[in-house]
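S.K.: Okay, so the sequence shown: first residue is 1 according to the UniProt record's numbering, each after it adds one. Just so you know, even glycine gets a beta-carbon here, dropped at the ideal spot from N, CA and C. No experiment lies behind these values; they were computed from the predicted model shown. Have a look at the structure that comes next, please.
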Amino acid sequence: MLMKKPANNHKVVFITGSSSGIGEQTAYLFAAHGDSLVLTYHRYKDEGDVVAAKCSSLGAKNVLLIHLDLTDNESIVNAVKSAIAEYSCLDILINNAAFLAQAILTEQSFENIRLQIKTNLEGPIKITKECLPYIQESIINIGSNLSTVGQKQFTVYSATKFGIRGLTKSLALEFPNLRIFTVNPSLTATKMGHFKGLPPATVAKVVYRAALGDYQEKSGADINVRDYLYGPQLKRYWIFIRWLKHQLWKLKF
1 MLMKKPANNH KVVFITGSSS GIGEQTAYLF AAHGDSLVLT YHRYKDEGDV VAAKCSSLGA
61 KNVLLIHLDL TDNESIVNAV KSAIAEYSCL DILINNAAFL AQAILTEQSF ENIRLQIKTN
121 LEGPIKITKE CLPYIQESII NIGSNLSTVG QKQFTVYSAT KFGIRGLTKS LALEFPNLRI
181 FTVNPSLTAT KMGHFKGLPP ATVAKVVYRA ALGDYQEKSG ADINVRDYLY GPQLKRYWIF
241 IRWLKHQLWK LKF
């Protein structure tokens with residue numbers, strides 16, 4: 001049963017992996033609009049503390065920083081309990097935390113396979129399950145450009161991100177009262193991306209707008225970041241390029 005929150009202008013936003021990168025920059029956008037935040041860190045609390053302090057200085061109504069290990073069931077349950085104890089309800093969940101071990105499959109250790117699946121897919125499924133009774137508006141799952149295509153040395157990571165898209169599409173059918181999207185960034189200048197690619201702040205703007213429902217997409221859809229950065233004309237161009245690549249691929253076979 002969905003909990004009801006008293007009407008006000010401030011949202012409560014739960015962001016996993018918010019001590020750096022896309023999650024950090026997304027937190028700043030919500031903070032600047034006076035929203036309340038649940039921020040999580042995994043290894044480095046000091047990084048989380050810095051982000052939490054900046055969110056407060058930007059104008060966040062309230063900031064709760066909690067430890068979250070997406071590979072651990074107890075940690076997931078306790079994180080959600082802490083969030084609900086603080087706020088009673090959630091408006092938005094952003095599943096952003098991820099782990100990448102780049103190598104061809106034969107060179108992947110079982111441990112790195114386990115960590116990628118648990119952090120990138122199983123963990124988001126579980127934390128979404130725990131949060132769903134309290135969510136009022138949106139779930140944003142951070143995918144990747146590798147959510148739709150394969151690439152050498154990203155076999156396991158890509159498989160988990162394909163799975164995230166399946167999670168989004170199925171949840172949208174099960175919970176039609178919510179906005180649920182997969183936001184797919186291309187290479188982003190984070191630790192995981194070796195600080196090459198789009199600035200995380202640029203990607204965060206798309207995540208933020210998707211969470212607020214600014215894009216006229218049906219719930220369950222993919223929101224590919226590069227399609228939304230430069231307006232509808234460039235979006236049509238990228239759609240055409242993807243279509244053309246697909247046609248050329250079919251001709252090869």
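(1) Below 8 Å, can you find three or more Cβ-Cβ pairs linking the segment 90-98 to the segment 131-138?
(2) Give me the Cα-Cα distance between Ile-104 and Gly-150, rounded to the nearest whole angstrom.
(3) Thr-182 and Thr-168 - do their beta-carbons sit closer together than 8 Å?
(4) Which same chain residues, not among the five before or five after residue 288, have their C-beta less than 6 Å away from its C-beta?
(5) Could you give the C-beta distance for Asn-78 and Ile-22, rounded to a whole number, given that I count them as a contact under 8 Å?
(6) Examine the Cβ distances between the segment 40-51 and the segment 11-19 and report whether three or more of them are shorter than 8 Å.
(7) Closest to Cys-55 by C-alpha separation, out of Glu-217, Glu-24, Lys-45, would be which residue?
(8) Name the residue from Tyr-28, Val-51, Glu-107 whose alpha carbon lies nearest to the alpha carbon of Val-203.
(9) Check for me: the beta strand (DSSP E) holding Tyr-44 runs from which residue to which?
(10) Across which residues does DSSP place Asn-95 in a beta bridge pair?
(11) Kindly indicate which residue of Leu-173, Val-13, Asp-214, Gln-153 has the alpha-carbon position closest to the one of Tyr-228.
(12) Does DSSP put Ser-82 in a helix, a strand or coil?
(13) Please state if the CB of Ala-83 and the CB of Leu-64 are separated by a distance shorter than 8 Å.
(14) Quick one: using the 10 Å Cβ neighbour count with 16 as the cut-off for buried, is Gln-116 buried or exposed?
(15) For Val-38, does the three-state DSSP call read helix, strand or coil?
(16) How far does the alpha helix (DSSP H) with Val-203 in it extend, from its first residue to its last?
M.R.: Quick answer:
(1) yes
(2) The count along the sequence shown starts at 1 and reaches residue 104 at position 104. The count along the sequence shown starts at 1 and reaches residue 150 at position 150. For Ile-104 and Gly-150, the distance between alpha carbons rounds to 12 Å.
(3) Here the question's residue 168 lines up with position 168 in the sequence shown. Here the question's residue 182 lines up with position 182 in the sequence shown. Yes.
(4) Here the chain covers residues 1 to 253 and nothing more, so residue 288 does not appear.
(5) To locate residue 78, count along the sequence shown from 1; it is residue 78. To locate residue 22, count along the sequence shown from 1; it is residue 22. That pair is no contact at about 24 Å.
(6) yes
(7) Walking along the sequence shown from the start, residue 55 turns up at place 55. Nearest option by C-alpha distance: Glu-24.
(8) What you label residue 203 is simply residue 203 of the sequence shown in a count that begins at 1. It is Tyr-28 whose Cα lies nearest to the Cα of Val-203.
(9) Counted from its first residue, the sequence shown places residue 44 at position 44. From DSSP, Tyr-44 is part of no beta strand (DSSP E); its letter is neither H nor E.
(10) By one-based count along the sequence shown, residue 95 stands at place 95. Answer is Asn-141, bridged to Asn-95.
(11) By 1-based counting over the sequence shown, the position of residue 228 is 228. Closest by alpha carbon: Asp-214.
(12) On the sequence shown, residue 82 is found 82 positions in, with the first residue counted as 1. Helix, per DSSP.
(13) Looking up residue 64 in the sequence shown gives position 64. Looking up residue 83 in the sequence shown gives position 83. In this structure, Ala-83 lies closer than 8 Å to Leu-64 by Cβ.
(14) Residue mapping note: residue 116 aligns to position 116 of the sequence shown, counting from 1. Result: buried.
(15) Here residue 38 refers to the residue found at position 38 when the sequence shown is read from its first residue. If DSSP states are grouped into helix, strand and coil, Val-38 belongs with the strands.
(16) The count along the sequence shown starts at 1 and reaches residue 203 at position 203. Per DSSP, Val-203 belongs to the alpha helix (DSSP H) from 200-212.
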